[in-house]
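Residue 1400 in our numbering is what sits at position 379 of the sequence shown, and the numbering runs on without skipping anything.
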Amino acid sequence: MNQSTQANPLSSSSGTGSLFPQPCTLVIFGGAGDLSRRKLLPAIYNLGLDAVLPTNFAVMGFSLEDLSDDSYRDFARSGIEEFSRQTLTEAQWSDYERTIFYQRGTFDDPQSYQALKRRLEEIEPLCGIPGNRVFYLAVPPRFIESCARNLKQAGLISPMESSGPFSRVIVEKPIGQDLHSAREVNATLCSSFDERQIFRIDHYLGKETVQNILVMRFGNSIFEPLWNAKHIDHVQITVAEQEGVGTRAGYYEGAGALRDMVQNHILQLLSLMAMEPPWSMDADVIRDHRLDVLHCLRPLSRRVVEDCVVRAQYSHGYFLGEDVPGFRREAGVAPDSVTETYVALKLFIDNWRWAGVPFYIRTGKRLPKRASEIAVQFKPVPHILFNTDMSRPLEPDVLALSIQPNEGLSLRIATKLPGPRVRIYPVKMDFRYGSTFGGQSPEAYERLLLDVMAGDATLFMRRDAVEASWAWIQTILDEWEDSRARWLPEYSAGTWGPVEADRLIASDRFQWRVI
Ligand SMILES: NC(=O)c1ccc[n+]([C@@H]2O[C@H](COP(=O)([O-])OP(=O)(O)OC[C@H]3O[C@@H](n4cnc5c(N)ncnc54)[C@H](OP(=O)(O)O)[C@@H]3O)[C@@H](O)[C@H]2O)c1
């Protein structure tokens, strides 16, 4: 593929990323936690290094632990040294550390919010910040309600309509455990904030390759005419993780692969891949079009769940030469757990564009490699000319969007092998972000934090989309609950999933892609 690296005006003139981040304080609830150390504090550091942060900016950690500003700076520094995309430099660090503060507090104690308010009012003038605040709720889900209520009661939230400083809140996944609880969380949030102040984060949407789905589809003229049931045979979406449950057993036991991956990340990827062309890059226009896809998902019946949804658990196996335990033997997992670590399913989008095209989804832990991709398989050519041998049909064309790692896209097409006879061979044309543009792409959290500072909600989940995806998933959850299964099909750690998943796709004469 001819890879031009010339800047494309599309990226700056319109669409997401065109608003500017405003001066503000980022208040991280749970600022002394894992997410903050591994992702948020390093993301801010990288934004500073790339000179894209607003000049007047501060970070305030707010958490249970008793830390001084200095010890919180040490905490931030250790996170950056270990996890930052770009290496820590002393010059940049001394700029950054001056903007970092910490306030000890308890999420359900109103007094802590008064103390936080006083601290912000003290720091904001020193940093030249006009009172704009972004509250990042990096907190266990059970605290969302008390954080939202106490923020409002403490007078820390400016009304949306006021001409004064802005207040925005970022909410981490998971939003609920099912449709009912998701509605409750949303109702709670909306009783303290205007929907336009709420940024529900799904970090998948911040990945360069995910944003590139829109550019690829609507910034080129060659794909859109083919992007429909007439030309596309089926679509496979894979989100594979290498790790097991690790230290997250406490969370994962109550979630499982369906809630952890399908309800949010994968349905969002599907929406972007399948949405109709939007008529503007306005956040709500794009979000409306994504939502339309969720509304068109063919409703699942209990019988369809049995036929078209596979769940499984990893069992003992060998992984990168290491002997690894099965899920039920992992620390913190119940020995009789029926939490699924793998899901494969088939779905349909019932609209004109996608009528009859099956979408296959699979995700799991302890799979052979870490890889996320959307693969679009085009219809086979007719059995004439080069495709007459029915026992060895030509391999169909495939456009594969690689979300991670090796971000990029590849197109598999048929070519003639050099030589006197006509022999056909599939070749791959490859575009990789790393080799074309060099360096590492910004982390998803970097992009998403900037967007919140700029007030651009395009890459965030709106209330209706969260509830629409839960509504679709709910039938599967109900069916599984009712089945009272005592065991699940298993797959050995380090393999691509259970035989039931192979049968699911094979029954339609397809097979899972080798990634
Ligand atoms: N970690 C990730 O990579 C990741 C990825 C995606 C989403 N998330 C989501 O992000 C949220 C935070 O995750 P996390 O991994 O950062 O959790 P975490 O490590 O447990 O951090 C939570 C922080 O909140 C503090 N805290 C707990 N109860 C408190 C209270 N009552 N008052 C004040 N502070 C309190 C904790 O202090 P103590 O440690 O002293 O209890 C800890 O510093 C969760 O909703 C999670 O699902 C995390």
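Built from N, CA and C at the ideal position, the CB exists for glycine as well. Owing to the predicted nature of the structure, the values given are computational and were not obtained by experimental measurement.
Query                                                                                                                                    : Result
Segments assigned alpha helix (DSSP H), at least 4 residues, entirely inside the segment 1247-1317                                       : 1270-1274, 1288-1295, 1304-1317
Which listed residue (1451, 1077, 1314) has its alpha carbon closest to that of residue 1151                                             : 1077
Coarse secondary structure for residue 1534, derived from DSSP in three states                                                           : coil
Helix, strand or coil at residue 1397 according to DSSP, with G and I counted as helix                                                   : strand
Three-state secondary structure (DSSP) of residue 1392                                                                                   : strand
Reference residue 1047, options 1065, 1040, 1101, closest by Cα                                                                          : 1065
Per-residue burial, residue 1404 [other beta carbons within 10 Å of its own, 16 or more giving buried]                                   : exposed
Ligand 1 heavy atom lying under 7 angstroms from the CB of residue 1273                                                                  : no
Residue(s) in a DSSP beta bridge with residue 1141                                                                                       : None; residue 1141 has no bridge partner.
Counterpart residues of residue 1122 in DSSP-defined beta bridges                                                                        : 1081
Environment of residue 1183 [buried if 16+ CB atoms lie within 10 Å]                                                                     : exposed
Length of the line joining the Cα atoms of residue 1451 and residue 1187                                                                 : 44 angstroms
Sequence-distant residues of the same chain with beta carbon closer than 8 angstroms to residue 1089, five excluded per side             : 1123
Residue 1062 versus residue 1144: straight-line alpha-carbon distance, rounded                                                           : 19 angstroms
Spatial distance of residue 1533 from residue 1229 (CA atoms)                                                                            : 25 angstroms
Contacting residues, own chain, Cβ-Cβ under 7 angstroms from residue 1040 (five flanking each side not counted)                          : 1475, 1476, 1477
Residue 1149 versus residue 1155 - alpha carbon distance                                                                                 : 16 angstroms
Same chain only: Cβ atoms within 8 angstroms of residue 1350, ignoring 5 sequence neighbours per side                                    : 1337, 1356
Inter-stretch contact at 8 angstroms, needing at least 3 Cβ pairs: the segment 1242-1252 / the segment 1459-1474                         : no
Nonlocal neighbours in the same chain, by C-beta distance under 7 angstroms from residue 1487, ignoring five residues either side        : 1196, 1203, 1207, 1221
Ligand 1 heavy atom lying under 7 angstroms from the CB of residue 1054                                                                  : yes
Cut-off 6 angstroms between Cβ atoms - residues of its own chain near residue 1173, not counting five sequence neighbours on either side : 1213
N-terminal and C-terminal residue of the beta strand (DSSP E) that residue 1341 is part of                                               : Careful: residue 1341 lies outside any beta strand (DSSP E) and carries neither H nor E.
Residue range of the alpha helix (DSSP H) that includes residue 1524                                                                     : 1520-1527
Cβ pair count under 8 angstroms reaching 3, the segment 1300-1312 against the segment 1325-1341                                          : no
Beta-carbon proximity check, residue 1321 vs residue 1496, cutoff 8 angstroms                                                            : yes
CB-CB length for residue 1453 against residue 1429, believed under 8 angstroms                                                           : 4 angstroms
Assumed close pair residue 1199, residue 1498 - CB separation to whole angstroms, cut-off 8 angstroms                                    : 6 angstroms
Range of the contiguous alpha helix (DSSP H) that encloses residue 1466                                                                  : 1465-1475
Local conformation of residue 1162 per DSSP, three classes                                                                               : helix
Residues near residue 1559 in its chain [Cβ-Cβ closer than 6 angstroms; skip 5 each side]                                                : No answer is possible for residue 1559: the residues shown for the chain start at 1022 and end at 1536.
C-alpha gap between residue 1232 and residue 1297, whole angstroms                                                                       : 15 angstroms
Simplified DSSP assignment, three categories, for residue 1419                                                                           : strand
Alpha helix (DSSP H) segment containing residue 1455, residue limits                                                                     : 1454-1458
Close-in-space but distant-in-sequence residues of the same chain around residue 1057 (CB under 6 angstroms, 5 per side omitted)         : 1049, 1159
Nearest-angstrom beta carbon gap, residue 1083 and residue 1126 [assumed within contact, 8 angstroms]                                    : 5 angstroms
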